[in-house]
Structure formats: C-alpha cells, structure tokens
Amino acid sequence: MRRLVTVLWALVCLALLGVLAWLPVHLGQQIGFAQFFAMPAPWLAALAVMGLLLLVTSLLRRRVRMLTLTCVVVVALASVPWLSPRLTTPPRAFDAADLPEASADGLRVLSWNVGGSADSIDDVATLARQVSPQIIALPETTPSEAHALADQLAASGLDMRVVPAQGSDSSWPSSVLISSALGRYRVVDDTSQSVRPGVATKPVNGQGPTIVVAHAQQPGLAAEQAQTWRAHLRWLGSWCDSGEAIVVGDFNGTDANIGSTLGSCRAPDSTTQGSTTGGTWPSALPAWLGAPIDRAYTTAQWQVSGLWPIAGQRVSASDHRPIVVDLSRSATPAG
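Residue numbering for the sequence shown follows the numbering used here, starting at 417 and increasing by one per position.
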C-alpha cells in the first residue's frame with residue numbers, strides 16, 4: 417500500500433511539474449492565463465530539472481514525505497517570478513486625491529477601459545477633473561461617447577479634442593482625447609489588422625510624439641485569439657520602431673508576457689513613482705491580487721516617471737481600474 421501511495425503521489429507531483437512548466441508557455445496566451453502569470457524560459461528549465469531530480473530521489477527512496485516536500489518546494493519556486501517584483505514595488509491602488517501635481521514640463525495621461533459603457537463616461541469625467549490629464553486614452557469607447565466626454569470636460573474648463581473626430585461606433589473602438597494645448601493630432605489610417613488593436617495618432621505639424629491607444633485582443637480559448645493578441649502586440653511595437661512614441665492602454669498582458677514584443681518601447685523602471693505592479697483587472701479584486709494589464713510604454717525620448725492604478729471607482733463602472741501615467745522627457749534621448 418505504501419508503494420502504491422508513493423507512486424500515486426509521484427504522478428500528482430509530475431502532473432504539477434508539467435502544468436507549471438508547460439501551461440504558462442504553451443497555453444498561457446490562449447486561455448487568459450497570460451494576463452496573470454509569466455515565467456522566463458531559463459527559470460522554467462531550471463525548475464523542471466530540479467523538480468525531476470527531487471522526484472527521482474524520492475521515488476528511489478520511497479519517501480512520501482520527501483515527495484510532499486518536493487511539491488511544496490516546486491510551488492514555492494514557481495511563485496518567485498510572480499512574487500519578486502511585488503516585493504520591490506508593492507502592488508496597490510491609489511486615491512486620485514493623493515496623486516502629486518502633474519509636472520509643468522511633462523505629460524499626464526489618464527487611461528481607462530470602461531468596456532464600452534456609456535454610463536461610465538460620467539465616471540471618466542469626474543476622474544479627469546481630479547487629475548487634470550492632457551491625454552485621455554479610452555479603449556472600448558466610441559467616438560460619440562468620447563465627444564460626450566469632451567463636452568462635459570469643456571464645461572469644466574478642460575479643452576480637449578477627440579481623435580478621431582469622426583468614425584464608426586463599431587464593436588471594437590478606441591478613442592483618445594488630446595489637450596488643445598498639445599496641438600492638432602490626426603488618426604493614422606491603418607487597415608492591416610482585421611480586428612483593430614487600438615488607434616494611432618500623429619501631430620499634424622510633426623512636432624511631438626505619436627500617441628497610440630492600445631487595445632490588444634484578449635487571449636481566449638481559441639488559438640486564433642492568441643495569434644491575434646500577438647499580432648496586435650507586433651502592430652503596437654511597429655509604432656515604437658518608427659519614431660518617438662507613447663503607447664498606453666489595455667494590453668491584456670503583463671510586462672512579463674509582453675517582453676520585448678514592443679521593440680524600441682520601454683516599460684516603466686524601478687524609479688517610477690506609484691505602483692507598476694498594482695492590478696488593474698479585474699477591478700473586483702484587490703490591487704495586490706489583480707493583473708497589471710493596463711500599461712504604458714515609451715520610446716527612449718520619454719520615460720514613465722509615475723504610474724498609479726486608481727482606487728475608489730464604482731466596480732460597475734468597468735472591470736478595469738483606471739491608471740494615471742506621468743511622462744517626462746528623457747535626460748539623454750536616443751539620437
């Protein structure tokens with residue numbers, strides 16, 4: 417009986433090893449797992465070798481206790497890539513009233529995926545009045561909803577233009593509001609993706625960064641959804657490789673998942689104020705438990721000086737938390 421228990425427990429541990437080593441890499445981007453978790457390949461290889469050695473040793477000695485310890489060790493080690501950035505930058509969300517004043521020579525961006533809910537435009541307007549952004553990125557928001565928001569903000573003294581000024585209220589829209597003080601922007605017409613991954617805008621006079629609102633396909637059960645997600649990341653990365661760019665919005669993936677897919681764009685670094693690990697989705701979960709999938713990336717001319725997931729919003733307003741991002745000019749831009 418003891419031998420049978422040992423063998424069965426070994427099979428359970430082997431299955432656990434297989435899930436930890438195989439699922440994040442091969443299935444993670446197909447079932448939404450990528451939104452929570454990603455492990456670097458070298459770490460996976462070391463973890464698999466260590467686990468197999470421990471299991472073989474345990475089986476040879478027929479020690480159930482050692483097998484149990486093996487499983488505990490494997491699970492503990494598997495949590496390190498997820499846990500380590502949260503120890504250096506504790507995940508949390510912030511009250512909008514606690515944010516510092518925006519820098520006069522930088523840019524402040526408010527990004528919020530309100531899920532195409534016209535009822536949530538009032539929530540966006542209220543938050544915008546509190547944080548005074550120069551750019552408002554709105555994945556899943558139609559042009560007509562964005563114009564309604566602009567009208568509300570104008571009544572409060574915030575002069576912002578909707579880009580695109582016109583467009584179809586389709587099932588996969590993105591909109592952006594840009595302060596009139598930054599000049600006029602135009603939408604770059606791009607039909608390379610059958611499912612639109614966001615909206616890219618450029619300054620009409622050529623002076624200033626390309627502003628891209630990201631809305632990457634959510635990884636789902638179907639393989640084609642994962643392929644679309646990766647194609648969307650490549651599309652977003654193409655703007656990073658074509659000049660000065662700021663890319664912000666809903667990436668449906670974490671920094672670890674996205675990796676180097678965005679080309680020349682950089683993720684926020686350890687000097688960034690706020691919390692780069694605070695979960696933004698789903699908003700029903702506390703920030704320390706959610707996934708930070710609403711992000712901001714910049715080319716070398718800019719750096720993210722602050723990123724704050726915002727707490728205190730109505731849960732029914734969206735399944736995403738909004739983020740406020742402060743951007744500053746890099747001291748040594750790439751030349």
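Even for Gly, the Cβ is constructed at its ideal location relative to N, Cα and C.
- Which partner residues of V547 appear in the DSSP bridge assignment? Position 131 of the sequence shown, counting from 1, holds the residue named residue 547. Within the DSSP secondary-structure output, V547 pairs in no beta bridge.
- Would the beta-carbon of I726 fall within 8 Å of that of A571? Position 310 of the sequence shown, counting from 1, holds the residue named residue 726. Position 155 of the sequence shown, counting from 1, holds the residue named residue 571. Contact annotation: I726 and A571 have beta-carbon atoms that are not nearer than 8 Å.
- If we call anything under 8 Å between Cβ atoms a contact, is M576 one with L554? Here residue 576 refers to the residue found at position 160 when the sequence shown is read from its first residue. Here residue 554 refers to the residue found at position 138 when the sequence shown is read from its first residue. Not closer than 8 Å, so no.
- Query: Could you give the residue range of the alpha helix (DSSP H) that holds H563?
  - Reply: Your numbering for residue 563 matches position 147 in the sequence shown. Boundaries of the alpha helix (DSSP H) harbouring H563: P559 to A571, taken from the DSSP string.
- Please determine, among P738, D539, R682 and S691, the residue with the shortest C-alpha to C-alpha distance to S746. For the purposes of this step, residue 746 is taken as the residue at position 330 of the sequence shown. It is R682 whose Cα lies nearest to the Cα of S746.
- Return helix, strand or coil for V540, following the three-state DSSP convention. As a first step, residue 540 is located in the sequence shown; it is residue number 124 there, counting from the start. Residue state for V540 is assigned as helix, using DSSP reduced to three classes.
- Query: Can you round the beta-carbon distance between D671 and R646 to whole angstroms, since I take them to be within the 8 Å contact cut?
  - Reply: Here residue 671 refers to the residue found at position 255 of the sequence shown. Here residue 646 refers to the residue found at position 230 of the sequence shown. About 16 Å separates the Cβ atoms of D671 and R646, ruling out a contact at the 8 Å cut-off.
- Item | Member of P619, A733, G690 and W724 whose CA lies at the smallest distance from the CA of P364 | For the chain, the structure presents residues 417 to 751; residue 364 sits outside this window and is missing.
- Going by DSSP, which residues form a beta bridge with L701? As a working note, residue 701 is residue 285 in the sequence shown. Answer is none; L701 lacks a bridge partner.
- Item | Ranges of the beta strand (DSSP E) found wholly within the region 585-664, counting only runs of at least 3 | Qualifying beta strand (DSSP E) stretches, in chain order: 590-595, 601-603, 614-619 and 626-631.
- For N621, count neighbouring C-beta atoms within 10 Å of its own C-beta (all shown protein chains included) and say buried if the count is 16 or more, exposed if not. One-based indexing of the sequence shown puts residue 621 at position 205. Exposed, by the Cβ-count rule.
- Task: Could you tell me which residues DSSP pairs with S527 in its beta bridges?
- Result: Residue mapping note: residue 527 aligns to position 111 of the sequence shown, counting from 1. For S527, which the question treats as bridged, DSSP gives the partners A553 and I739.
- D742 burial status per 10 Å Cβ neighbour count (16 or more: buried): By 1-based counting over the sequence shown, the position of residue 742 is 326. By the Cβ-count criterion, D742 is buried, with 16 or more other Cβ atoms from all chains shown falling within 10 Å of its own Cβ.
- From which residue to which residue does the alpha helix (DSSP H) around A672 run? What you label residue 672 is simply residue 256 of the sequence shown in a count that begins at 1. Counting along the chain, the alpha helix (DSSP H) containing A672 begins and ends at D671 to I674.
- Message: Using 8 Å for Cβ pairs, my map puts S560 next to A518. What's the rounded Cβ distance?
- Response: Sequence index remark: in the sequence shown, residue 560 carries index 144 (1-based). Sequence index remark: in the sequence shown, residue 518 carries index 102 (1-based). The Cβ separation is near 28 Å, so there is no contact.
- Item | Classification of T687 by the beta-carbon crowding that lies within 10 angstroms, buried from 16 upward | Locating residue 687 in the sequence shown gives position 271, where the first residue counts as 1. Here T687 is exposed. Its C-beta has fewer than 16 other C-beta atoms within 10 Å.
- Under three-state DSSP, which class holds A707? Here residue 707 corresponds to residue number 291 of the sequence shown, with the count starting at 1. Reduced to three states, the DSSP call for A707 is strand.
- Query: From what residue to what residue does the beta strand (DSSP E) around G728 run?
  - Reply: Within the sequence shown, the letter at position 312 stands for residue 728. For G728, there is no enclosing beta strand (DSSP E), as DSSP gives it neither H nor E.
- Item | Cβ pair N668, Q633 closer than 8 Å | Stepping through the sequence shown from its first residue, residue 668 is reached at position 252. Stepping through the sequence shown from its first residue, residue 633 is reached at position 217. Taking 8 Å as the Cβ cut-off, N668 and Q633 qualify as a contacting pair.
- Query: In whole angstroms, what is the alpha-carbon distance linking A616 and I627?
  - Reply: Residue 616 sits at position 200 when you count from the first residue of the sequence shown. Residue 627 sits at position 211 when you count from the first residue of the sequence shown. A616 and I627: Cα-Cα distance of roughly 6 Å.
- Message: Here's a check: name, in chain order, each residue in its chain whose Cβ is nearer than 7 Å to the Cβ of A544, leaving out the five neighbours to either side.
- Response: In the sequence shown, residue 544 corresponds to position 128, counting from 1. Around A544: L526, I552, L569 and L574.
- Would you tell me roughly how many angstroms separate the C-alpha atoms of Q623 and W718, rounded to the nearest one? If you number the sequence shown from 1, residue 623 lands on position 207. If you number the sequence shown from 1, residue 718 lands on position 302. Their Cα atoms are separated by approximately 14 Å.
- Which first and last residues belong to the beta strand (DSSP E) in which R577 is found? Mapped onto the sequence shown, residue 577 falls at position 161. For R577, the enclosing beta strand (DSSP E) covers residues M576 to V579.
- Item | Cutoff 8 Å; reference G599; Cβ partners in own chain excluding five residues on either side | Against the sequence shown, residue 599 aligns to sequence position 183. P619, V620, N621, Q623 and G624.
- Message: Rounding to the nearest angstrom, what Cα-Cα distance links W706 and N529 in this structure?
- Response: Taking the sequence shown and counting its residues from 1, one reaches residue 706 at position 290. Taking the sequence shown and counting its residues from 1, one reaches residue 529 at position 113. Before going further, note that residue 706 is Gly rather than Trp in the sequence given. If you take the alpha carbons of G706 and N529, they lie about 15 Å apart.
- Message: From the DSSP secondary-structure annotation, give me the bridge partner or partners of D666.
- Response: Position 250 of the sequence shown, counted from the first residue, corresponds to residue 666. According to DSSP, which records beta bridges pairwise, D666 is partnered with H631 and D710.
- Query: If we call anything under 8 Å between Cβ atoms a contact, is D666 one with H736?
  - Reply: Position 250 of the sequence shown holds residue 666. Position 320 of the sequence shown holds residue 736. Contact: yes.
- Query: Pick from S721, P738 and V664: whose alpha carbon is nearest that of G694?
  - Reply: As a working mapping, residue 694 is identified with position 278 in the sequence shown. Ranked by Cα distance from G694, the first of S721, P738 and V664 is P738.
- Task: Compute the beta-carbon to beta-carbon distance between S591 and T557, rounded to the nearest angstrom, for a pair I have assumed lies under 8 Å.
- Result: As a first step, residue 591 is located in the sequence shown; it is residue number 175 there, counting from the start. As a first step, residue 557 is located in the sequence shown; it is residue number 141 there, counting from the start. Their Cβ separation, rounded to whole angstroms, is 5 Å, which keeps S591 and T557 in contact under 8 Å.
- Item | Status (buried if at least 16 other CB within 10 Å, exposed otherwise) for E640 | Start at 1 with the first residue of the sequence shown, and residue 640 comes out as number 224. Under the 10 Å beta carbon count, E640 is surrounded by fewer than 16 other beta carbons and is classified as exposed.
- Task: Please list, in chain order, all residues of the same chain as G531 whose beta carbon is under 8 Å from its beta carbon, the five residues on each side excluded.
- Result: Reading the sequence shown from its first residue, position 115 is the one you call residue 531. The beta carbon of G531 lies closer than 8 Å to those of E556, S734, D735 and H736 in the same chain, with the five residues before and after it left out.
- Task: Let me know if A566 comes out buried or exposed under the rule of 16 or more other beta-carbons within 10 Å of its beta-carbon.
- Result: The residue you call residue 566 lines up with position 150 of the sequence shown. Burial call: buried.
- Item | Supposed contact pair D539 and Q729 - C-beta distance, whole angstroms, cut 8 Å | Stepping through the sequence shown from its first residue, residue 729 is reached at position 313. Stepping through the sequence shown from its first residue, residue 539 is reached at position 123. Confirmed, Cβ separation roughly 6 Å.
- Task: Pull up the CB-CB distance for T692 and I709, whole angstroms please, since I reckon it's below 8 Å.
- Result: Along the sequence shown, one-based indexing puts residue 692 at 276. Along the sequence shown, one-based indexing puts residue 709 at 293. For a cut-off of 8 Å, the C-beta gap from T692 to I709 is around 12 Å, too long to register as a contact.
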